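Protein chains in written order, with the working numbering: chain A, 12 to 245; chain B, 23 to 210.
What follows is a single structure, written as structure tokens, with notes after it.
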């Protein structure tokens, strides 16, 4: 590369204000004594101005009919990466929360041994292995647990709503039996959630019920996620 | 109150207070509303596709972009202007297509004769050729960066992220593109 080409190669960066103060000063000094580079700079300046002033030009043919035909096909269910990430994080958080509760994160030993109308089989065994009296120290106060559950509510509801919408839009791609099974399971889980909520209203400090509610909500989210995934084309 | 009434008129999607925007209607499945959106934006999207990928792919990719828009409308949250959202979606589709054509392009770039053809001005270089034609004659890498930077107004760092290249490469290709256009326009 010749010395002159080295100057020429800096002209775009000069025009775009991408040079340091020192480099800029050097280019300006060169431009003051090089008519060829000044002429090139003028050309580049015109090209940049021309490009910036280009106006959109419609296609020569009407492309709408081709688009319209494809719109008639079922919509593809899609999620943004942040939505998928949020759903995964929420699942992980809810699972983690349930594990913490089941491993002894609940507020009282008494409540952990309450009846388990549909909860996990692991809970009693874990409960037996947990040192008595360790729960409240591990998790903090009852209000802290309630706050943790409440914090997840908005995100959870948003994720569930999103998945329900996707499932509704894509249900035409599922066979009737699958739809029926999904709906039956969802109604069972919804019933469990409603019962756990009702019981928690009466006994807000009950750690087992909190864990049961979290687990039921996690199961609902998981079922919706898998059902929605079934509606997506391969 | 008046400003609320005219909000979004820039996007051409509101007919008046209390009416749903065409974006919202289209997201709910109203294809007539979506056609209005298409008519309002097709020139800009087609021009972007044509300038980035060339005439051969512009029509097909424009249709792909609007079909993708229809499919993704439910994810539009209104956090940015619809025009901005659509433009980003269009660029994503165009860049995907560019990548799918990468093997074919590599074959051309590896061919020394093809490279010579790409960098030599057409025989009618004594004529002042149309600016868009000159852009279309640029080698693909240089053309994309020229369109993104000088036509669409993106910064080198944004282009580098979009095309997964170094900022320095973006700068070098832009300068190369400008110098080739200058040559094509007979200003060299």
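Here a beta-carbon is modelled for each residue, glycine too, at the ideal position from N, C-alpha and C.
Since this is a predicted model, take the numbers as computed values, not measurements.
Sorted by chain position, which residues of the same chain lie with C-beta nearer than 8 Å to residue i's C-beta, five sequence neighbours on each side aside?
i                      : result
residue 49 of chain B  : 95, 96, 98
residue 210 of chain B : 201, 204
residue 13 of chain B  : One cannot answer for residue 13 of chain B here, as it falls past the ends of chain B, which runs 23 to 210.
residue 26 of chain A  : 52, 55, 56, 59
Kindly list the residues whose CB is nearer than 7 Å to the CB of residue i, restricted to its own chain and excluding five residues on each side of it in sequence; keep chain order.
i                      : result
residue 19 of chain A  : 48, 51
residue 121 of chain A : With a pLDDT of only 35 at residue 121 of chain A, under the threshold of 50, the placement of this residue in the model should not be trusted, and no figure is reported.
residue 110 of chain B : none
residue 91 of chain B  : 108, 111
residue 211 of chain A : 217, 220, 221, 224
Look at the alpha carbon of residue i and the alpha carbon of residue j, and state the distance between them as a whole number of angstroms.
i                      : j                      : result
residue 71 of chain B  : residue 78 of chain A  : 16 Å
residue 85 of chain B  : residue 152 of chain B : 26 Å
residue 69 of chain A  : residue 57 of chain B  : 15 Å
residue 197 of chain A : residue 183 of chain B : 43 Å
residue 117 of chain A : residue 221 of chain A : Reliability fails at residue 117 of chain A, whose pLDDT of 41 lies under 50, so the model's placement of it is uncertain and no value is given.
residue 228 of chain A : residue 88 of chain B  : 37 Å
residue 76 of chain A  : residue 116 of chain B : 21 Å
residue 44 of chain B  : residue 59 of chain B  : 7 Å
residue 178 of chain B : residue 192 of chain B : 6 Å
residue 171 of chain B : residue 77 of chain B  : 20 Å
residue 73 of chain A  : residue 122 of chain B : 26 Å
residue 194 of chain B : residue 63 of chain B  : 32 Å
residue 181 of chain A : residue 241 of chain A : 9 Å
residue 21 of chain A  : residue 38 of chain A  : 8 Å
residue 80 of chain B  : residue 44 of chain A  : 45 Å
residue 190 of chain A : residue 82 of chain B  : 36 Å
residue 169 of chain A : residue 209 of chain A : 22 Å
residue 35 of chain A  : residue 42 of chain A  : 10 Å
residue 33 of chain A  : residue 55 of chain B  : 55 Å
residue 46 of chain A  : residue 189 of chain B : 30 Å
residue 188 of chain A : residue 215 of chain A : 39 Å
residue 29 of chain A  : residue 176 of chain B : 14 Å
Which whole-angstrom value describes the C-beta separation of residue i and residue j, a residue pair presumed to lie in contact below a C-beta threshold of 8 Å?
i                      : j                      : result
residue 83 of chain A  : residue 177 of chain A : At roughly 20 Å, the Cβ-Cβ gap does not stay under 8 Å, so residue 83 of chain A and residue 177 of chain A are not in contact.
residue 173 of chain B : residue 73 of chain B  : 6 Å
residue 213 of chain A : residue 224 of chain A : Actually they are not in contact, since the Cβ atoms of residue 213 of chain A and residue 224 of chain A sit about 13 Å apart, beyond 8 Å.
residue 234 of chain A : residue 204 of chain A : Not a contact, Cβ separation roughly 12 Å.
residue 192 of chain A : residue 231 of chain A : Contact doesn't hold; Cβ gap of about 15 Å is too wide.
residue 23 of chain A  : residue 55 of chain A  : 6 Å
residue 112 of chain B : residue 181 of chain B : About 15 Å separates the two Cβ atoms, so there is no contact after all.
residue 102 of chain B : residue 67 of chain A  : Their Cβ separation, rounded to whole angstroms, is 20 Å, which puts residue 102 of chain B and residue 67 of chain A out of contact at 8 Å.
residue 185 of chain B : residue 166 of chain B : 7 Å
Between which residues of its own chain and residue i is the CB-CB distance below 6 Å, once the five residues before and five after are set aside?
i                      : result
residue 169 of chain B : 73, 74
residue 199 of chain B : 160, 164, 168
residue 144 of chain A : Confidence is the limiting factor: at residue 144 of chain A the pLDDT is only 30, short of 50, which leaves the residue's position unreliable, though a coordinate-based value still follows. Answer for residue 144 of chain A: no residue qualifies.
**Q.** Unbroken stretches of the alpha helix (DSSP H), 4 residues or longer, contained in the stretch 24-51 of chain A
**A.** 32-44
Q | chain A contacts from the stretch 98-116 of chain B (Cβ-Cβ distance under 7 Å) | A | none
Q | Unbroken stretches of the alpha helix (DSSP H), 4 residues or longer, contained in the stretch 157-239 of chain A | A | 187-213
Q: Could you please tell me which residues of the stretch 51-64 of chain A, in chain order, have their CB closer than 7 Å to any CB of chain B?
A: 54, 55, 58, 59, 61, 62, 63
Q.
Short of 7 Å Cβ to Cβ, which residues in the stretch 19-36 of chain A face chain B?
A. 20, 23, 24, 29
(Q) Using a Cβ-Cβ cutoff of 7 Å, what residues of the stretch 228-245 of chain A are near chain B? List them in chain order. (A) none
Q) Which ranges does the alpha helix (DSSP H) cover as unbroken runs of at least 4 residues, wholly within the stretch 86-122 of chain B, from first to last along the chain? A) 104-122
Q: Below 7 Å between beta carbons is the criterion; list the residues of the stretch 193-209 of chain B that meet it against any residue of chain A, in chain order.
A: 193, 196, 197, 200, 203, 204, 209
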